[in-house]
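Residue numbers (the working numbering), protein chains in the order written: chain A, 24 to 121; chain B, -19 to 188.
Built from N, CA and C at the ideal position, the CB exists for glycine as well.
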Amino acid sequence: MTDFNYQDIDDVIHSRIRTAIMAVLISVDEAEFTFIREKINATDGNLSVHLKKLEEHNYISVKKEFVDRKPVTRYRITDIGRKAFEDYIKKLESIIKR
Amino acid sequence: MTDIANNLSTIKAEEEISVIKKIMEDSKKAIVDNGWHYIYWGSIVTAALITNYLMVVYNISMNSQGMLWFISMTSAAILEGIIERKREKHAKVKTFAGRLLNTLWSGSGICMFILGFAGTLSGAYNAIMIFPLISIILGSAYLISGVIQQVKWLSALCIFWWTGSILLLLYPGIHSMLVFAAMIVCFQIIPGVLLFAKSKRELKLRAV
Chain A
24 MTDFNYQDID
34 DVIHSRIRTA
44 IMAVLISVDE
54 AEFTFIREKI
64 NATDGNLSVH
74 LKKLEEHNYI
84 SVKKEFVDRK
94 PVTRYRITDI
104 GRKAFEDYIK
114 KLESIIKR
Chain B
-19 MTDIANNLST
-9 IKAEEEISVI
1 KKIMEDSKKA
11 IVDNGWHYIY
21 WGSIVTAALI
31 TNYLMVVYNI
41 SMNSQGMLWF
51 ISMTSAAILE
61 GIIERKREKH
71 AKVKTFAGRL
81 LNTLWSGSGI
91 CMFILGFAGT
101 LSGAYNAIMI
111 FPLISIILGS
121 AYLISGVIQQ
131 VKWLSALCIF
141 WWTGSILLLL
151 YPGIHSMLVF
161 AAMIVCFQII
171 PGVLLFAKSK
181 RELKLRAV
């Protein structure tokens, strides 16, 4: 049995909320802030912080616009984010298979 | 100690994967179609069919009948485009399934347009043959839509559309318009209403 190396795990994704955000965004084309909040039951502040971190690492892209004079923020997973999430899942699967 | 750590990480990884799977399944379940397209197009086509039938009964020219379809279908398509743009702006989520459905129905709509207008104007076939041909396209579109939306009964509607198309091909006539109108009501408007009710129920459940 090989020892588990924590350094192999992607820190950016490896957090309950950020993993959940990535799981939501990989399942859809594009999602509004409120949709992600509903799906993962997070507070606005907490969710914003984690979305920001994912955005800083280019795992997700953000589009801000006004709909009926109300600000709407939409998120989309990037190719970098998709690759990182797939690698993360592979890592988890390899841990289980050990 | 290392073994315990390994076991713990295995359990955590399993938990994490099951949570991820659950979130992904839940997100994919976002309502992609609330059935309004079926009600919208079904109502317009039924109204046009009945009008067309009355035009034939009262001997109104073929050109006027053609104009009826051209004007009603073109304006309905433009209006739908405007409504769809607004709906898209307000949509909380955009899914691959939704995009697939849009593409499927846009493509089917274009096929029906070509069959309906170019097909008859060219004289390739009698105008009354449009209805069975359109029924064939609708059957395929319903079959695929049901698979995309994971609604089995929606897919099953293809049987009625294709059976209807065979009957309309075998027994064409002026009654074809009324038969097709009845098919639209039974296999398009009513399913649309059922889908609409289903989406309302799902939205209510999510709000609880």
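Chain-ordered neighbours of residue i on chain B, where CB pairs are closer than 9 Å
i	result
A:E53	A71, V73, K74, T75
A:T57	K72
Any chain B beta carbon closer than 9 Å to residue i
i	result
A:K106	no
A:I119	yes
A:V85	no
A:A65	no
A:T42	yes
A:V47	yes
A:K35	The sequence given here places Val at residue 35 of chain A; Lys does not occur at that position. No, because no Cβ of chain B sits closer than 9 Å to the Cβ of A:V35.
A:I100	no
A:I103	no
Beta-carbon neighbours of residue i, restricted to chain B and to distances below 7 Å
i	result
A:S50	M4, S7, K8
A:L115	A(-7), E(-4), I(-3)
A:K182	Nothing about residue 182 of chain A can be reported from this structure: the residues present for chain A run from 24 to 121 only.
Proximal chain A residues relative to residue i, where beta-carbon distance stays under 7 Å
i	result
B:D79	Correcting the residue identity first, residue 79 of chain B is Arg in this sequence and not Asp. What B:R79 touches in chain A: D52.
Interface flag, residue i vs chain A, CB-CB below 9 Å
i	result
B:T(-10)	yes
B:I0	yes
Closer than 9 Å to chain E by CB, residue i
i	result
B:I139	Absent from the structure is chain E; the protein chains it does hold are A and B.
**Study point:** Sufficient close CB pairs (3 or more, under 8 Å) joining the region 147 to 163 of chain B to the region 125 to 136 of chain B
**Key:** By the Cβ test, the region 147 to 163 of chain B is not in contact with the region 125 to 136 of chain B, since fewer than three Cβ pairs between them sit closer than 8 Å.
Review point. Where in the region 29 to 81 of chain A do unbroken runs of the alpha helix (DSSP H), each at least 4 residues long, occur, reported from the N-terminal end onward?
Key: Runs found: 39 to 50, 56 to 63, 67 to 79.
Check your understanding: In chain order, what residues of the region 69 to 82 of chain A put their CB closer than 9 Å to some CB of chain B?
Key -> Correct list: empty, as no residue qualifies.
Exercise for review: Tell me, please, whether the region 58 to 78 of chain B touches the region 112 to 121 of chain B by the rule of three or more beta-carbon pairs shorter than 8 Å.
Suggested key: Contact fails: fewer than three Cβ-Cβ distances are below 8 Å.
**Study point:** Segment contact flag, the region 64 to 73 of chain A with the region 39 to 47 of chain A, C-beta cutoff 8 Å, min 3 pairs
**Key:** Flag = yes, the region 64 to 73 of chain A and the region 39 to 47 of chain A touch.
Exercise for review: Decide yes or no for the touch test of the region 102 to 111 of chain A against the region 55 to 62 of chain A: beta carbon pairs closer than 8 Å, at least 3 of them.
Suggested key: Three or more beta-carbon pairs separated by less than 8 Å are not found between the region 102 to 111 of chain A and the region 55 to 62 of chain A, which leaves the two stretches without contact.
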